[in-house]
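In the working numbering, the protein residues as written are 17 to 153. Heads up, the beta-carbon is just placed ideally off N, CA and C, and yes, glycines get one too. A quick write-up on the structure given underneath.
Dropping the structure here:
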């Protein structure tokens, strides 16, 4: 099945989400240590055809590149080398952590679970991916 993969890249952890086969809905998958993300994505590609990566890109409120953008910029060539035929789209990730926390509260997640940054990262990846999917309809 064809899937679009959403990525919330960080220097320590990477949140990963995937689309449904029709490219309508995004679902959180995992939070993976940054050092293992390429291996994780290759394993995903064995099960489903990855048609696109949507990578969250950190911007400041004024639209300028946030300091974390340099980490994403350094990751892009590694992702391209591992998946040379798969396009990469950049998606503004401003406010995704805030939206992820709001989604966890609205979903009834316990406060102790909301403190788990791994939960926030994969939900943020789903929000990034859903924003992209919604715009592409």
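### Query
Is it buried or exposed for residue 151, if we count other Cβ within 10 angstroms and need 16 for buried?
exposed
### Task
Tell me, to the nearest whole angstrom, how far the beta carbon of residue 142 is from that of residue 42; I am working on the premise that it is less than 8 Å.
4 Å
### Task
Measure from the alpha carbon of residue 37 to the alpha carbon of each residue in 65, 136 and 135, then state which is nearest.
65
### Query
From which residue to which residue does the beta strand (DSSP E) around residue 69 run?
65-73
#### Entry: Own chain, CB closer than 7 Å to residue 88, minus 5 neighbours either side, in chain order
25, 71, 73 and 74
### C-alpha distance - residue 153 paired with residue 39, whole-angstrom precision
9 Å
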